[in-house]
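Novice: Mapping the sequence shown onto this note's numbering, position 130 (from 1) lands on 228, and the numbers just tick up by one.
Glycine included, each C-beta is placed from N, C-alpha and C at the ideal position.
It should be emphasised that the depicted structure is a prediction, and the values quoted were computed from it without experimental measurement.
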Amino acid sequence: MKVRVEYGRRQLMRLLSGGAVALIFSSKSSQIWAETARRIAGKPRTVMLDPGHGGQDPGAIGVRGTREKFVALDTARAVGKLLEGTGRYRVLMTRVDDEYIPLQGRVEKAQAAGADLFISIHADANRNHRIRGASVYTLSEKASDAEAADLAARENNSDRVAGIDMSKHEPIVNEILYDLARRETNNLSQRFAQALVGELGRQVLLMDNTHRSAGFVVLKAPDIPSALVELGCLSNAYEERELNQAKYQQKLAQSLARSVSDYFA
Ligand SMILES: [Zn+2]
């Protein structure tokens, strides 16, 4: 009798783990099916560009007073133009003007639009003014290193700067189904981040350990692959000058646009 109970328990465990695998598999195959259907229909992929900060939240401020919110918006606009020019994408932006959008509001806009990819665009300021270069971030519960954790804390502080209580908007993260969706989305986010690092590396200087991860609120949609790019460091006088130039912004925009093509190819 005892043996039968044990066997039953083991079978149940196997069934459960098999079920979990089947769920992952079916979420994957439904994505592949959706992708194939889109291709057959020639339907353009929706890319949501998210210029960081805006309005009362200037973001990082450069050594000569450059505001991150303007660099992010100008570069995002340039990326949008390049992507639209290909005729292959439906490009949307979380903001098109100098206005403030709460972090969760940015995620919700992407979800409402059924975005296939979400790119948050920023420019950092580092305490060490010699540090420069672009870097790319994906979501993780645990930060890859202390610097990435500090950066996520600075970026997540955006709502507080604008006087919004973000604790109410924190998404719930412990559901099993959420985890499964998240795992698949995370794989795709990693793939996009790798493409982004590769394309940026051809055009501009990269920071050491270019691809890092931390708990960015704006990357928390469980169903939309996403990455956050820091275009460079406004705290470095040389890079601040570069980031202000339309020519340099265009270089960055080309890298971002190409990485989108690489990702969907
Ligand atoms: Zn920022």
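Just checking my contact of Asp360 with Ala293 at CB under 8 Å: how many whole Å lie between their CB atoms?
Specialist: Correct: roughly 4 Å between the Cβ atoms.
Novice: What is the DSSP secondary structure of Phe216, counted as helix, strand or coil?
Specialist: Note: Phe216 maps to strand in three-state DSSP.
Novice: Run through the DSSP bridge pairs and tell me what Val234 is partnered with.
Specialist: Its beta-bridge partners are His309 and Val327.
Novice: What runs of the beta strand (DSSP E), each 3 residues or longer, lie entirely inside the region 141-226?
Specialist: Taking only runs of at least 3 residues, the beta strand (DSSP E) segments lying wholly in the region 141-226 are 143-149, 187-191 and 215-222.
Novice: Please indicate yes or no: does the CB of His309 lie closer than 7 Å to some heavy atom of ligand 1?
Specialist: Every heavy atom of ligand 1 is 7 Å or more from the Cβ of His309, so no.
Novice: Excluding the 5 residues flanking Ile322 on each side, which residues of the same chain have their C-beta closer than 6 Å to its C-beta?
Specialist: For Ile322, where only same-chain residues beyond five positions count, the Cβ hits under 6 Å are Ala208, Ala213 and Phe216.
Novice: Compute every distance between the C-beta of Glu253 and the non-hydrogen atoms of ligand 1, then say whether any falls below 7 Å.
Specialist: Checking the Cβ of Glu253 against ligand 1 gives yes.
Novice: Span of the alpha helix (DSSP H) holding Gln347?
Specialist: Gln347 -> alpha helix (DSSP H) spans Ala344 to Phe362.
Novice: For ligand 1, I want to know if Glu166 counts as a neighbour, meaning its beta carbon is within less than 7 Å of at least one of the ligand's heavy atoms.
Specialist: Yes, the beta carbon of Glu166 sits closer than 7 Å to at least one heavy atom of ligand 1.
Novice: Report yes if the CB atom of Leu237 is closer than 8 Å to the CB atom of Gly313, and no otherwise.
Specialist: A contact, by the Cβ cut-off of 8 Å.
Novice: Using a threshold of 8 Å, state whether the C-beta atoms of Val234 and Ala355 are closer than that.
Specialist: No; because the gap between Cβ atoms is not below 8 Å, this pair is not in contact.
Novice: Determine, using beta carbons only, whether Ile219 and Val302 come nearer to each other than 8 Å.
Specialist: Contact flag unset, no.
Novice: Report the option in Leu180, Gly150 and Phe168 whose CA atom is closest to the CA atom of Val205.
Specialist: When each option's Cα is compared against that of Val205, the closest is Gly150.
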